[in-house]
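A.B. asks:
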Amino acid sequence: MINYLRHNQAALKKREQDIYQHLFQSTIWKNARTIGVTLSMPHEINTYPIIEQAWQEGKYIAVPKTFPETHQLKFYRLQNFNDLRRGFKNIYEPICTDSKIISSNIMDMIIVPGLVYDYSGYRIGYGGGFFDRYLADYTNIKVAILYQAQLKPAIPRDSFDIPVDILITEKKYCCVKKVNDD
């Protein structure tokens, strides 16, 4: 899947725009004040335009920092892209101060990364289990943004896997769990 995404970047830009449109027109987006989002890698859907749109709309953004020694994620408020540095696995992460920590109950929605998803909202991530541990205690809306090619009828899952509530592709917006998105 990563090779597919790497080799088709130019063709996927239009699809990204369609995904953004579905997200930005959704009630969950419109109602959210604080949004958790990962900082995308080159082979992923670009999340930087999502962050910029949120800032333009006066929303707060929280981005994760990985703590590999404890296998945990913590989210920190991001106010400027200059507040980032390379961290775990060379992924951009926030420069951390305790005053910027955002607790999970503050985030109205979180955009969850993954390589492949199924129609039930389960995902195959990057293998560390960091997000599943975090999502186990997260009670608000979990969203996946993905290309239709990343969506499969079913994928293997374990008892600790946590599904997302909403799947957004370039073709559709799909609730896999009942959420308040009238």
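Residue numbers for the sequence shown follow my numbering, so the first one is 68 and each next one is one higher.
Backbone N, C-alpha and C define an ideal beta-carbon position, used for all residues, glycine too.
1. I need the boundaries of the beta strand (DSSP E) containing residue 153, first residue and last residue.
2. Tell me the rounded alpha-carbon separation between residue 94 and residue 176.
3. What are the start and end residues of the beta strand (DSSP E) that includes residue 144?
4. Rounded to whole angstroms, what's the CA-CA distance from residue 180 to residue 124? Just pull it up for me.
5. Buried or exposed for residue 209, going by 16 or more other Cβ atoms inside 10 Å?
6. Quick check on this structure: which residue in 221, 88 and 101 has the alpha carbon closest to the alpha carbon of residue 167?
7. Does DSSP put residue 83 in a helix, in a strand, or in coil?
8. Pick out the complete beta strand (DSSP E) segments inside the segment 197 to 224, 3 residues or longer, and give them in chain order.
9. Assign residue 115 to one of three DSSP states: helix, strand, or coil.
10. Locate the beta strand (DSSP E) running through residue 132, then write down its first and last residues.
C.D. replies: Checking against the coordinates, here is how it stands:
1. Mapped onto the sequence shown, residue 153 falls at position 86. Taken as a continuous stretch (DSSP letters only), the beta strand (DSSP E) holding residue 153 covers 151 to 153.
2. Counting from one through the sequence shown, the residue named residue 94 turns up at place 27. Counting from one through the sequence shown, the residue named residue 176 turns up at place 109. One C-alpha to the other measures close to 11 Å.
3. Translated into the one-based positions of the sequence shown, residue 144 becomes position 77. Where residue 144 is concerned, the enclosing beta strand (DSSP E) stretches over 139 to 145.
4. By 1-based counting over the sequence shown, the position of residue 180 is 113. By 1-based counting over the sequence shown, the position of residue 124 is 57. One alpha carbon belongs to residue 180, the other to residue 124, and they sit about 23 Å apart.
5. The count along the sequence shown starts at 1 and reaches residue 209 at position 142. Residue 209 should be labelled buried.
6. Within the sequence shown, numbered from 1, the residue matching residue 167 stands at position 100. Relative to the Cα of residue 167, the nearest Cα in the group 221, 88 and 101 belongs to 101.
7. Here residue 83 refers to the residue found at position 16 when the sequence shown is read from its first residue. Helix, per DSSP.
8. Runs found: 208 to 212.
9. Here residue 115 refers to the residue found at position 48 when the sequence shown is read from its first residue. The three-state secondary structure of residue 115, taken from DSSP, is helix.
10. Within the sequence shown, numbered from 1, the residue matching residue 132 stands at position 65. Residue 132 -> beta strand (DSSP E) spans 127 to 134.
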